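S.K.: Residue numbers are given in our numbering: position 148 of the sequence shown equals residue 167, and the series is strictly consecutive.
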Amino acid sequence: TWNTFCDWYVELTKPVFQEGTEAEKAETRAVAGWVLDQIFVLLHPFMPFLSEELWHATRDRGGYDLIQAQWPAASAIGVNASAQSDVNWLIKTITAIRTARGESNVPPSAMMSGVIMGASDEVAQRFARQSATLKRMARLEAVDAAETPPEGAAVQVILGETTLVLPLEGVIDLDAARARLQKSIDKALKAAASIKGRLSNEKFLAKAPEAVVAENREKLVAHEADAEKLQAALARLG
């Protein structure tokens, strides 16, 4: 309910209500209403009073109580494989762009333009077809195709065989971003070095409980992974 319906479905319907035809809006409302009904039914055993209240509050049920509703039955009939593929691609693309923006400290509200390299006709068409959703949810206002990446600092997002390049010039303060990343790298490496020293100390290994040793090893892996990720982000800035 939270991660699929609220996080993605509701957000993906907004461009339809803003720019879609009346037929598309009506179909989307009908589907959203049907899904919400199934959610109420599934929640009823765990949240009987709240789900029953919402069941009647969302529309006139004609006295038909939620406890009387039929339990949903899973079925693959009617699944549109092409639409499913499009949506899965869209979610993966938005997630990857958001991650890259976050790692590069791009402000959430900042609009960016992208350049795609190595994109098939199908992928290029997807970017064009989903432009309204990408603009709203990934803050990506334009996408152009190119054979070589643009000059200057940029974030590269790998999407299968396609590379999406997001130029950072004019979007963030590059010098400040480099300094921030270097400071975080130094902090992660210092923490990793401290734990390495502890784990190489035979007295510590002999006296410390096994759980403490295991915890330190996990922390070492985490700090090293953080440093590697931050170094990759710094390299992207040039």
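Heads up, the beta-carbon is just placed ideally off N, CA and C, and yes, glycines get one too.
Bear in mind the structure is a predicted one, so any value in this text is a computation, not a measurement.
1. For the segment 58-146, list the alpha helix (DSSP H) runs that are entirely contained and at least 4 residues long, ordered along the chain.
2. Short check: CB of residue 136 to CB of residue 174, under 8 Å?
3. Helix, strand or coil for residue 185 per DSSP?
4. When the Cα atoms are used, what is the spatial distance from residue 194 to residue 96?
5. Could you tell me which of 206, 36, 45, 62 sits nearest to residue 20, measuring between CA atoms?
6. My assumption, with CB atoms under 8 Å, is that residue 105 sits in contact with residue 158. Please give the rounded CB distance.
7. Starting from the C-beta of residue 160, find all residues in its chain whose C-beta is less than 8 Å away, skip the five residues before and the five after it, and write them out in chain order.
8. Rounding to the nearest angstrom, what Cα-Cα distance links residue 168 and residue 179 in this structure?
9. Quick check on the DSSP output: what are the complete alpha helix (DSSP H) runs of length 4 or more inside the segment 153-216, in order along the chain?
10. Among the candidates 24, 101, 228, whose CA atom is the shortest distance from the CA of residue 57?
11. Look at residue 256 and residue 235 and say whether their C-beta atoms are less than 8 Å apart.
12. Identify which residue in 111, 117, 121 has its Cα closest to the Cα of residue 142.
13. Under the assumption that residue 11 contacts residue 200 (Cβ atoms under 8 Å), give the Cβ distance between them as a whole number of angstroms.
14. Determine the DSSP secondary structure at residue 34, reduced to helix, strand or coil.
15. CA-CA distance, residue 237 and residue 202?
16. How is the alpha helix (DSSP H) around residue 246 delimited, first residue to last?
17. Within the continuous alpha helix (DSSP H) that includes residue 24, where are the two ends?
M.R.: Here's the rundown:
1. 67-77, 100-122
2. Counted from its first residue, the sequence shown places residue 136 at position 117. Counted from its first residue, the sequence shown places residue 174 at position 155. No, they are not a contact pair.
3. To locate residue 185, count along the sequence shown from 1; it is residue 166. DSSP places residue 185 in strand when its eight states are reduced to three.
4. Within the sequence shown, the letter at position 175 stands for residue 194. Within the sequence shown, the letter at position 77 stands for residue 96. Near 54 Å, if we compare the C-alpha coordinates of residue 96 and residue 194.
5. By 1-based counting over the sequence shown, the position of residue 20 is 1. For the residues 206, 36, 45, 62, the minimum Cα distance to residue 20 belongs to 62.
6. On the sequence shown, position 86 is the one that residue 105 refers to. On the sequence shown, position 139 is the one that residue 158 refers to. The pair is not a contact, with the Cβ atoms about 20 Å apart (cut-off 8 Å).
7. As a working mapping, residue 160 is identified with position 141 in the sequence shown. Same-chain partners within the cutoff: 130, 131, 132, 154.
8. For the purposes of this step, residue 168 is taken as residue 149 along the sequence shown, with counting starting at 1. For the purposes of this step, residue 179 is taken as residue 160 along the sequence shown, with counting starting at 1. The straight-line gap from Cα to Cα measures roughly 17 Å.
9. none
10. Numbered from its first residue, the sequence shown carries residue 57 at position 38. Considering only alpha carbons, the answer is 24.
11. Locating residue 256 in the sequence shown gives position 237, where the first residue counts as 1. Locating residue 235 in the sequence shown gives position 216, where the first residue counts as 1. Not a contact, by the Cβ cut-off of 8 Å.
12. Residue 142 sits at position 123 when you count from the first residue of the sequence shown. The shortest C-alpha separation from residue 142 is found at 111.
13. What is shown of the chain runs 20 to 257, which leaves residue 11 out entirely.
14. Reading the sequence shown from its first residue, position 15 is the one you call residue 34. Here residue 34 sits in helix by DSSP.
15. For the purposes of this step, residue 237 is identified with residue 218 of the sequence shown, where counting begins at 1. For the purposes of this step, residue 202 is identified with residue 183 of the sequence shown, where counting begins at 1. Each residue's Cα considered, the two are about 22 Å apart.
16. Your numbering for residue 246 matches position 227 in the sequence shown. Where residue 246 is concerned, the enclosing alpha helix (DSSP H) stretches over 229-256.
17. For the purposes of this step, residue 24 is identified with residue 5 of the sequence shown, where counting begins at 1. First-last for residue 24: undefined, no H or E at that position.
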